[in-house]
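Chains as they are written, first to last, in this note's numbering: chain X, 275 to 533; chain Y, 46 to 320. Glycine residues also receive a C-beta, built at the ideal position from the N, C-alpha and C atoms. Bear in mind that the values here come from a model prediction, so they are computed numbers and not experimental data.
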Amino acid sequence: MTDLLAGLGRRSLDFFERLGRGHLFLLRVLASVPGLVRRPGLVVKQVWSTGVQSLIIIVISGAFVGMVLGLQGYNTLVTFGAEESLGLVVAKSLLRELGPVVSALLFAGRAGTALTAEIGFMKATEQLSAMEMMAVDPLRRIVAPRFVAAIIAMPLLAAIFTAVGVLGGYFCGVGLLGVDDGSFWSQMQAKVLLMEDVVNGVVIKGVVFGAVISWIAVFEGYDAVPTSEGVSAATTRTVVHSSLAVLGLDFVLTGLMFN
Amino acid sequence: MAITSDPTQSETLVRIRNLHFRRGRRAIFDGIDLDIPRGRITAILGPSGTGKTTLLRLIGAQIAPTQGTVEVDGRDVHRLPLDELYEQRKRIGMLFQSGALLTDLSLFENVAFPLREHMRLPESMIRSLVLMKLEMVGLRGARDLYPRELSGGMARRAALARAIALDPMMIMYDEPFSGQDPISMGILVRLIKTLNDTLGITSVLVSHDVAETCTIADYIYVLSGAKIVGAGTPQELQAEHSPTVRQFMSGMPDGPLPFHYPGKAYLDDLLEAPR
Ligand SMILES: Nc1ncnc2c1ncn2[C@@H]1O[C@H](COP(=O)(O)OP(=O)(O)OP(=O)(O)O)[C@@H](O)[C@H]1O
Ligand SMILES: [Mg+2]
Numbered sequence: 275m276t277d278l279l280a281g282l283g284r285r286s287l288d289f290f291e292r293l294g295r296g297h298l299f300l301l302r303v304l305a306s307v308p309g310l311v312r313r314p315g316l317v318v319k320q321v322w323s324t325g326v327q328s329l330i331i332i333v334i335s336g337a338f339v340g341m342v343l344g345l346q347g348y349n350t351l352v353t354f355g356a357e358e359s360l361g362l363v364v365a366k367s368l369l370r371e372l373g374p375v376v377s378a379l380l381f382a383g384r385a386g387t388a389l390t391a392e393i394g395f396m397k398a399t400e401q402l403s404a405m406e407m408m409a410v411d412p413l414r415r416i417v418a419p420r421f422v423a424a425i426i427a428m429p430l431l432a433a434i435f436t437a438v439g440v441l442g443g444y445f446c447g448v449g450l451l452g453v454d455d456g457s458f459w460s461q462m463q464a465k466v467l468l469m470e471d472v473v474n475g476v477v478i479k480g481v482v483f484g485a486v487i488s489w490i491a492v493f494e495g496y497d498a499v500p501t502s503e504g505v506s507a508a509t510t511r512t513v514v515h516s517s518l519a520v521l522g523l524d525f526v527l528t529g530l531m532f533n
Numbered sequence: 046m047a048i049t050s051d052p053t054q055s056e057t058l059v060r061i062r063n064l065h066f067r068r069g070r071r072a073i074f075d076g077i078d079l080d081i082p083r084g085r086i087t088a089i090l091g092p093s094g095t096g097k098t099t100l101l102r103l104i105g106a107q108i109a110p111t112q113g114t115v116e117v118d119g120r121d122v123h124r125l126p127l128d129e130l131y132e133q134r135k136r137i138g139m140l141f142q143s144g145a146l147l148t149d150l151s152l153f154e155n156v157a158f159p160l161r162e163h164m165r166l167p168e169s170m171i172r173s174l175v176l177m178k179l180e181m182v183g184l185r186g187a188r189d190l191y192p193r194e195l196s197g198g199m200a201r202r203a204a205l206a207r208a209i210a211l212d213p214m215m216i217m218y219d220e221p222f223s224g225q226d227p228i229s230m231g232i233l234v235r236l237i238k239t240l241n242d243t244l245g246i247t248s249v250l251v252s253h254d255v256a257e258t259c260t261i262a263d264y265i266y267v268l269s270g271a272k273i274v275g276a277g278t279p280q281e282l283q284a285e286h287s288p289t290v291r292q293f294m295s296g297m298p299d300g301p302l303p304f305h306y307p308g309k310a311y312l313d314d315l316l317e318a319p320r
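1) Taking Cβ positions only, does residue 404 of chain X come closer than 7 Å to chain Y?
2) Starting from the C-beta of residue 50 of chain Y, find all residues in its chain whose C-beta is less than 8 Å away, skip the five residues before and the five after it, and write them out in chain order.
3) Pull up the distance between the alpha-carbon of residue 251 of chain Y and that of residue 105 of chain Y, whole angstroms please.
4) Pull every residue with its beta-carbon under 6 Å away from any heavy atom of ligand 1, and keep them in chain order.
5) Under a CB-based cut-off of 7 Å, is residue 103 of chain Y close to chain X?
6) Residue 66 of chain Y bridges to which residues according to DSSP?
7) Look up residue 276 of chain Y in the DSSP assignment and give the residues it is bridged to.
8) Report buried or exposed for residue 138 of chain Y, applying the criterion of at least 16 other Cβ atoms within 10 angstroms of its Cβ.
9) In angstroms, rounded to a whole number, what distance separates the CA positions of residue 230 of chain Y and residue 417 of chain X?
10) Which residue from X:428, X:343, X:451, X:367 puts its Cα closest to that of residue 377 of chain X?
11) So which of X:382, X:300, X:317, X:331 has the shortest CA-CA distance to residue 434 of chain X?
12) Less than 6 Å separating the Cβ of residue 400 of chain X from some heavy atom of ligand 4?
13) Under 7 Å between the Cβ atoms of residue 167 of chain Y and residue 211 of chain Y?
14) Is there a Cβ from chain Y that is less than 7 Å from the Cβ of residue 418 of chain X?
15) Since residue 143 of chain Y meets chain X, which of its residues come closer than 8 Å, beta carbon to beta carbon?
16) Within 10 angstroms of the Cβ of residue 414 of chain X, are there 16 or more other Cβ atoms? Answer buried if so, exposed if not.
17) Whose Cβ in chain Y lies nearer than 8 Å to the Cβ of residue 411 of chain X?
18) Helix, strand or coil for residue 186 of chain Y, going by three-state DSSP, please let me know.
19) Short of 7 Å in beta carbon distance, which residues of its chain neighbour residue 320 of chain X, apart from the five on each side in sequence? Order them along the chain.
20) Please check if any C-beta of chain X sits within less than 7 Å of the C-beta of residue 162 of chain Y.
21) Report the CB separation of residue 86 of chain Y from residue 262 of chain Y in whole angstroms; it is logged as a contact under 8 Å.
22) If contact means a Cβ-Cβ distance below 8 Å, which residues of the segment 450 to 475 of chain X contact chain Y?
23) Checking contacts by CB at 7 Å: is residue 408 of chain X closer than that to chain Y?
24) Using 8 Å for Cβ pairs, my map puts residue 206 of chain Y next to residue 179 of chain Y. What's the rounded Cβ distance?
25) Quickly, what does DSSP pair residue 88 of chain Y with across the bridge? List them, please.
26) Could you tell me if residue 373 of chain X is buried or exposed, where buried requires 16 or more neighbouring beta carbons within 10 angstroms of its beta carbon?
27) Can you check which of these residues, Y:133, Y:183, Y:91, is closest to residue 163 of chain Y by C-alpha distance?
28) Starting from residue 311 of chain Y, trace the beta strand (DSSP E) both ways and give me its first and last residue.
29) May I ask you to verify whether the segment 297 to 309 of chain X touches the segment 343 to 355 of chain X, counting CB pairs closer than 8 Å and requiring at least 3?
30) Whose C-beta lies closer than 6 Å to the C-beta of residue 231 of chain X among residues of the same chain, with five residues either side of it excluded?
31) Can you say whether residue 71 of chain Y is buried or exposed, counting buried as having 16 or more other CB atoms within 10 angstroms of its CB?
32) If residue 396 of chain X sits next to residue 107 of chain Y, beta carbons under 8 Å apart, how far is it from one beta carbon to the other, in whole angstroms?
33) When the Cα atoms are used, what is the spatial distance from residue 517 of chain X to residue 531 of chain X?
34) Below 7 Å on C-beta distance, what does residue 147 of chain Y contact in chain X?
35) Of all the options Y:276, Y:255, Y:257, Y:256, which has the alpha carbon lying nearest to the alpha carbon of residue 265 of chain Y?
36) For the segment 445 to 474 of chain X, which segments carrying the alpha helix (DSSP H) assignment without a break, of at least 4 residues, lie completely within its bounds, in sequence order?
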């Protein structure tokens, strides 16, 4: 019994200690972000590589999610004779929820893990140490550009996911099920709001999710135990923690935005 | 040498006083005093696992001592503000035991890395500087290879080229000779000597290769059991009577220096029932 309590105590201490370290780390990363103004090339290169890494999986998943939305939406709407609103339903659900959330989950699995593994490997092979000794701060040179790049790439990927998803819904609804082409688009155009749907959904959620995922990913990599086992454990933690964080935050953000 | 005769600068570049450092409960250093003179080759010898690499990391201020001071060029590196520490590090080259090349960059880019990070130089200049350093270590032809395509010895030489890229005032070599064949060993020994003689670069050489070290070092410290057990010129050490130093210098298995990591007696370990 005392063992159990002691174990529980130790685990919660560990947890809070890590949480504290994570926040301190975030502060240090944020402090080195302004320095990137002088070297935008570093960020652009990372946006390019993280973006391209995740692009294929984002496009394919976006298409399928949109197609499923088309099918399910049609089934429900047709019972009310409201299948002309299919475009609106597909677009709103993608913009507000599915676009940012699903692409964030995919992004965590694809780019987040790659980020953790890369930084963890660099630590394990003393590359970060070597940089320090060459008077190059790894936080500035390696971590900060990756952190910022993920924040930029995430809303872009969410936007691509959403756009492809709408096309997927169009393909199913108009192409396969015979919804009227004109009303699919016109309903969407009339009822989708720039601030309410696009900015709140894809932009704000995309940026917030991107920030959380890249924070978790770079911290796990930088904090990894410098062995192959340590790096693999850190990679796993990145997926688990960032997925949970995305879903939890989505609930909070939706609550704040749409109610 | 021009640098050593400058009256404003003292003879000693690195001054270590009463250095204590522990890993967990194990004391790696237990009150060490050590001076590294400017413009000379100082070797640090000692059995595997005594803390030679750790000592270099303490000098580079990558880890902090539990007690004591490390002064480089008259300033305590562990009390320097971060930006001054980074300025200091630009003037110190370090050759890592593992090489620690950046795996995503080619050999050329690895050597160019510190130049690109710290100086605004035209590409043609970077190119000639990098090729010059690579030529010194015999790897100019391998400049387009990636670290994964190099052997251990080649990687170490490449790392050496990178360590001298910024023309530092001091270079710390962590086991430069291991994994080298007799020819590249000879070249490395000569290279270290040349860098030292012609450019007046202070060299700190960590090794357990007694014979090679004795041929180039001006002064040698022998580390063992968290203490300095011997110090002197190669000749002095070879004539030294202390059993520890004699054992190490001649490589005898029996003597006061333990080959084993500290632990309980072998027999007890064998007899102990597994839990
Ligand atoms: N990160 C670490 N955590 C715990 N102990 C460590 C760590 N790094 C080194 N040690 C311990 O510190 C001691 C000194 O290590 P160090 O690498 O400095 O030895 P060394 O003299 O360079 O040995 P070698 O000649 O084999 O390279 C070793 O006994 C090792 O067990
Ligand atoms: Mg070592």
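Judging by the given coordinates:
1) Against the first sequence, residue 404 of chain X aligns to sequence position 130. For residue 404 of chain X, the answer is yes, since a Cβ of chain Y falls inside 7 Å of its Cβ.
2) The count along the second sequence starts at 1 and reaches residue 50 of chain Y at position 5. A caution first: residue 50 of chain Y carries a pLDDT of 44, below 50, which makes its placement in the model too unreliable to give a value.
3) One-based indexing of the second sequence puts residue 251 of chain Y at position 206. One-based indexing of the second sequence puts residue 105 of chain Y at position 60. About 14 Å.
4) Y:68, Y:73, Y:91, Y:93, Y:94, Y:95, Y:96, Y:97, Y:98, Y:99, Y:142, Y:253
5) Locating residue 103 of chain Y in the second sequence gives position 58, counting from the first residue. Answer no: the Cβ-Cβ gap between residue 103 of chain Y and chain X never drops below 7 Å.
6) Working through the second sequence from its first residue, we reach residue 66 of chain Y at position 21. Y:74.
7) If you number the second sequence from 1, residue 276 of chain Y lands on position 231. Bridge partners of residue 276 of chain Y: Y:266.
8) Translated into positions along the second sequence, residue 138 of chain Y becomes position 93. Residue 138 of chain Y should be labelled buried.
9) Residue mapping note: residue 230 of chain Y aligns to position 185 of the second sequence, counting from 1. Residue mapping note: residue 417 of chain X aligns to position 143 of the first sequence, counting from 1. In a straight line, the C-alpha of residue 230 of chain Y is about 37 Å away from that of residue 417 of chain X.
10) What you label residue 377 of chain X is simply residue 103 of the first sequence in a count that begins at 1. Taking only the C-alpha atoms, the option nearest residue 377 of chain X is X:428.
11) Locating residue 434 of chain X in the first sequence gives position 160, counting from the first residue. Residue X:331 is the option with its Cα nearest to residue 434 of chain X.
12) Among the ligands present in this structure, namely ligand 1 and ligand 2, ligand 4 is not found.
13) Here residue 167 of chain Y refers to the residue found at position 122 when the second sequence is read from its first residue. Here residue 211 of chain Y refers to the residue found at position 166 when the second sequence is read from its first residue. No, Cβ-Cβ distance for residue 167 of chain Y and residue 211 of chain Y is not below 7 Å.
14) For the purposes of this step, residue 418 of chain X is taken as the residue at position 144 of the first sequence. For residue 418 of chain X, the answer is no, since every Cβ of chain Y falls outside 7 Å of its Cβ.
15) As a first step, residue 143 of chain Y is located in the second sequence; it is residue number 98 there, counting from the start. Here the neighbours are 399, 400.
16) Counted from its first residue, the first sequence places residue 414 of chain X at position 140. Buried, since its Cβ has 16 or more Cβ neighbours within 10 Å.
17) Taking the first sequence and counting its residues from 1, the one referred to as residue 411 of chain X is at position 137. Near residue 411 of chain X (Cβ distances below 8 Å), the residues of chain Y are 131.
18) Position 141 of the second sequence, counted from the first residue, corresponds to residue 186 of chain Y. Of the three classes helix, strand and coil, the one that applies to residue 186 of chain Y here is helix, per DSSP.
19) As a first step, residue 320 of chain X must be located in the first sequence, where it is residue number 46. Answer for residue 320 of chain X: 419, 420, 423, listed in chain order.
20) One-based indexing of the second sequence puts residue 162 of chain Y at position 117. Yes, residue 162 of chain Y lies at the interface with chain X (some Cβ there is under 7 Å from its Cβ).
21) For this step, residue 86 of chain Y is matched to residue 41 along the second sequence. For this step, residue 262 of chain Y is matched to residue 217 along the second sequence. At roughly 5 Å, the Cβ-Cβ gap stays under 8 Å, so residue 86 of chain Y and residue 262 of chain Y are in contact.
22) none
23) Taking the first sequence and counting its residues from 1, one reaches residue 408 of chain X at position 134. It does; some Cβ of chain Y falls within 7 Å.
24) Position 161 of the second sequence, counted from the first residue, corresponds to residue 206 of chain Y. Position 134 of the second sequence, counted from the first residue, corresponds to residue 179 of chain Y. The pair is a contact, with the Cβ atoms about 5 Å apart (cut-off 8 Å).
25) On the second sequence, position 43 is the one that residue 88 of chain Y refers to. Paired residue(s): Y:250, Y:265.
26) Residue 373 of chain X sits at position 99 when you count from the first residue of the first sequence. So residue 373 of chain X counts as buried.
27) Here residue 163 of chain Y refers to the residue found at position 118 of the second sequence. Selected option, being the one with the closest Cα: Y:133.
28) In the second sequence, counting from the first residue as 1, residue 311 of chain Y sits at position 266. Not the beta strand (DSSP E): residue 311 of chain Y falls in the alpha helix (DSSP H), residues 311 to 316.
29) no
30) Since the displayed chain X opens at 275 and closes at 533, residue 231 of chain X lies outside it and no answer follows.
31) Here residue 71 of chain Y refers to the residue found at position 26 when the second sequence is read from its first residue. It counts as exposed.
32) The residue you call residue 396 of chain X lines up with position 122 of the first sequence. The residue you call residue 107 of chain Y lines up with position 62 of the second sequence. Incorrect: roughly 15 Å between the Cβ atoms, too far for contact.
33) The residue given as residue 517 of chain X occupies position 243 in the first sequence. The residue given as residue 531 of chain X occupies position 257 in the first sequence. Cα to Cα, the separation comes out at about 21 Å.
34) Mapped onto the second sequence, residue 147 of chain Y falls at position 102. Within 7 Å Cβ-Cβ: 401.
35) Residue mapping note: residue 265 of chain Y aligns to position 220 of the second sequence, counting from 1. Among Y:276, Y:255, Y:257, Y:256, the Cα nearest to that of residue 265 of chain Y is on Y:276.
36) 455 to 465
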